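Position 100 of the sequence shown, counted from 1, bears residue number 100 in the UniProt record's numbering, the numbering being contiguous throughout.
Scroll down for the structure; my scribbles are underneath it.
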Amino acid sequence: MDVTVDKLPELVKRLRNLPTETQWVDYESDNPDLYIIGKDISALANSATIKDKEHSYIILGDINKINCLISIYNGKQDINIANNQLESSLRKLLSKNAIFDITIVTFEEKLTSVIIISKAQDRPVLFEDVAYIRVAYNTHRLNDYPHLQSCFWDKVCINSFEESPAFMDLTTENAVRHLDYNIYFESSNANIPSALKDVALFMEKEAIIKRQENSLYSITNLGAIAFAKNLYEFSNVSRKTLRIVQYDGNNRLNMLKEYIRVKGYASDFKECLQLIMALLPCRQKVINGIKTLENAFPETIVGELLSNALIHQDLSATGTGPTVEIFNNRIEIINPGTPLIDVNRIIDSKFKSRNRKLARLLSRLYKGQDTVTGWEKVVLECEAHNLTAPVIEIYGDSHTKVTVFSYRDFNELTLQEKLWSCYMHCCIRRERKEFLTPRSLRDRFGLKSSGQSSVSRLISAAIEKKLIKPVDKTAAPADMKYVPYWVFF
1 MDVTVDKLPE
11 LVKRLRNLPT
21 ETQWVDYESD
31 NPDLYIIGKD
41 ISALANSATI
51 KDKEHSYIIL
61 GDINKINCLI
71 SIYNGKQDIN
81 IANNQLESSL
91 RKLLSKNAIF
101 DITIVTFEEK
111 LTSVIIISKA
121 QDRPVLFEDV
131 AYIRVAYNTH
141 RLNDYPHLQS
151 CFWDKVCINS
161 FEESPAFMDL
171 TTENAVRHLD
181 YNIYFESSNA
191 NIPSALKDVA
201 LFMEKEAIIK
211 RQENSLYSIT
221 NLGAIAFAKN
231 LYEFSNVSRK
241 TLRIVQYDGN
251 NRLNMLKEYI
261 RVKGYASDFK
271 ECLQLIMALL
281 PCRQKVINGI
291 KTLENAFPET
301 IVGELLSNAL
311 IHQDLSATGT
321 GPTVEIFNNR
331 IEIINPGTPL
341 IDVNRIIDSK
351 FKSRNRKLAR
361 LLSRLYKGQD
371 TVTGWEKVVL
381 ECEAHNLTAP
391 VIEIYGDSHT
401 KVTVFSYRDF
411 NELTLQEKLW
421 SCYMHCCIRR
431 ERKEFLTPRS
441 LRDRFGLKSS
451 GQSSVSRLIS
461 AAIEKKLIKP
471 VDKTAAPADM
481 KYVPYWVFF
């Protein structure tokens with residue numbers, strides 16, 4: 001949470017001048033009860049979302065009749081101990097999406113504590129598995145107020161993680177200084193403005209930075225994740241650094257190299273892709289009698305899958321970021337979150353992303369990675385290089401792994417690999433208004449006519465598994481055509 005410490009006394013003064021408690025500010029007096037404060041944090045975080053406030057606050061002090069803040073502590077050591085004990089207990093009982101800090105403030109020569117609470121982002125903040133809300137300055141269960149519950153979810157849909165602030169209260173110079181924005185102008189062949197205020201205008205237009213009510217700027221999560229010079233400077237996205245690991249062999253016993261990329265995705269995408277390509281294993285190929293070495297995986301495949309992992313990850317998932325793992329026989333790309341579409345319909349489904357602004361931004365800056373047709377490109381490239389279709393694995397509701405294996409002979413593939421590649425080939429043909437045929441599948445695997453019996457057995461197995469189906473069951477074997485299982489006639 002990035003609320004500037006030196007601004008806190010001014011904040012307390014502004015909160016003190018409010019006429020009474022609100023749905024986003026609360027006051028607790030001496031010896032605050034853990035359970036009362038826990039419920040209030042849940043309620044204030046959820047209410048802040050409804051009221052379009054970035055933060056809500058609890059003042060750990062009392063307000064007397066003349067509206068003056070009274071400290072309940074005698075010294076900084078006492079207050080530190082109390083804060084640490086309170087925070088530790090609260091974090092055990094609040095849901096993991098509760099983001100708050102307990103901060104000491106010196107105000108009018110007195111010490112007090114302020115709990116600064118970020119608004120709920122993608123789901124309600126819970127205390128002991130219950131969501132609370134502020135109603136008429138009191139705390140109630142959110143489920144008891146269906147209209148507020150509906151309002152909360154409406155706001156969540158509108159206020160995305162991308163648009164929320166990652167760093168607040170920055171001058172124009174400081175806001176721009178934290179960002180590596182060169183690629184933004186280079187991609188459009190535009191000159192970089194000499195004046196920082198002009199750079200800020202472009203950044204503001206793209207929602208990379210936002211002007212606050214106090215005329216200072218905040219850098220949005222989108223701005224940080226895309227253009228940060230150092231993601232570790234932004235607590236909201238500090239764990240979203242891309243990790244690239246190279247292993248010796250086909251397992252994780254011996255790590256050869258590890259790279260943590262701390263720059264924003266847009267600024268660092270090209271360099272990351274170049275690094276990955278340099279670490280990939282090579283294979284020997286003979287062209288016109290001359291032996292040459294080439295990467296085991298085409299750059300198009302790696303670039304598309306990398307951009308998909310960055311764009312489609314769940315940015316609200318804490319403590320984890322995207323990872324690329326390179327082995328001798330495969331590359332695995334892992335991202336937090338699970339697909340928003342059925343993976344069996346990944347070729348023909350309408351494009352969906354949790355992070356639409358980031359998707360549009362990366363697509364525009366790197367036109368080669370067109371995320372709308374990314375999977376179609378990946379599968380076509382795999383077919384062109386006789387690679388099996390990428391394997392998509394989903395682990396609960398936590399993360400997704402995509403694996404691409406290097407070239408192997410048809411007879412070395414497992415039945416599952418053959419079936420998945422057959423099904424993906426059928427989906428690709430369907431998108432091109434064509435059909436899977438025995439000849440097209442044979443060509444897909446690079447088999448000669450002598451491999452026709454193997455292809456026929458694979459087609460029969462795919463039909464048995466209900467992955468594909470014939471267009472006309474009465475057609476002669478040589479004239480049979482097939483479509484994916486979900487096509488209706």
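Glycine is no exception: its CB is placed at the ideal position from the N, C-alpha and C atoms.
No experiment lies behind these values; they were computed from the predicted model shown.
Could you tell me which of the options sits nearest to residue i, measuring between CA atoms?
i           : options               : result
residue 328 : 149, 406, 131 and 257 : 406
residue 355 : 478, 344, 313 and 321 : 313
residue 342 : 386, 393 and 258      : 393
residue 175 : 186, 366, 149 and 211 : 211
residue 120 : 291, 113 and 149      : 149
residue 53  : 111, 112 and 116      : 116
residue 464 : 271, 415, 449 and 386 : 415
residue 468 : 479, 419, 442 and 192 : 419
residue 113 : 451, 87 and 307       : 87
Which first and last residues belong to the alpha helix (DSSP H) in which residue i is found?
i           : result
residue 413 : Unbroken run through residue 413: none, as it is neither H nor E.
residue 136 : Counting along the chain, residue 136 falls outside any alpha helix (DSSP H), and DSSP gives it neither H nor E.
residue 299 : 299-312
residue 40  : 34-50
Skipping 5 residues on each side, what residues in its chain have a beta carbon closer than 7 Å to that of residue i?
i           : result
residue 93  : 38, 127 and 128
residue 277 : 295, 299 and 302
residue 284 : 291 and 293
residue 397 : 338
residue 240 : 225, 231, 315 and 321
residue 435 : 429, 471, 481, 482 and 483
residue 155 : 49 and 50
Compute the beta-carbon to beta-carbon distance between residue i and residue j, rounded to the nearest angstrom, for a pair I have assumed lies under 8 Å.
i           : j           : result
residue 402 : residue 297 : In fact, because the Cβ distance is near 12 Å, the residues do not count as touching under 8 Å.
residue 103 : residue 40  : No, residue 103 and residue 40 are not in contact; Cβ-Cβ is about 16 Å, not under 8 Å.
residue 236 : residue 131 : Residue 236 to residue 131, Cβ: 22 Å. No contact.
residue 105 : residue 57  : In fact, because the Cβ distance is near 11 Å, the residues do not count as touching under 8 Å.
residue 358 : residue 162 : 6 Å
residue 389 : residue 424 : 4 Å
residue 440 : residue 447 : The Cβ separation is near 11 Å, so there is no contact.
residue 200 : residue 172 : 5 Å
residue 134 : residue 228 : Incorrect: roughly 34 Å between the Cβ atoms, too far for contact.
Report yes if the CB atom of residue i is closer than 8 Å to the CB atom of residue j, and no otherwise.
i           : j           : result
residue 220 : residue 267 : no
residue 316 : residue 122 : yes
residue 137 : residue 49  : no
residue 331 : residue 380 : no
residue 55  : residue 118 : yes
residue 144 : residue 216 : no
residue 470 : residue 456 : no
residue 458 : residue 422 : yes
residue 365 : residue 89  : no
residue 326 : residue 274 : no
residue 124 : residue 100 : no
residue 59  : residue 27  : yes
residue 376 : residue 417 : no
residue 466 : residue 485 : yes
Excluding sequence positions up to five away, which residues of its chain have a Cβ less than 6 Å from the Cβ of residue i?
i           : result
residue 344 : none
residue 336 : 313, 314, 317, 320 and 399
residue 238 : 231 and 232
residue 333 : 305, 309, 324 and 402
residue 445 : 410
residue 372 : Confidence is the limiting factor: at residue 372 the pLDDT is only 40, short of 50, which leaves the residue's position unreliable and the question unanswerable from this model.
In the DSSP assignment, find the beta strand (DSSP E) that holds residue i and state where it starts and stops.
i           : result
residue 469 : 468-470
residue 168 : 165-170
residue 434 : Counting along the chain, residue 434 falls outside any beta strand (DSSP E), and DSSP gives it neither H nor E.
residue 485 : Per DSSP, residue 485 belongs to no beta strand (DSSP E) and is neither H nor E.
residue 244 : 242-247
residue 255 : 255-261
residue 400 : 399-405
residue 292 : 290-295
residue 60  : 55-60
CB-CB under 8 Å to residue i, same chain, minus the five flanking residues each way: which ones, in chain order?
i           : result
residue 361 : 206, 222, 226 and 266
residue 243 : 258, 259, 260, 261, 321, 322, 323 and 324
residue 353 : 311, 312, 340, 359 and 371
residue 256 : 246, 247 and 248
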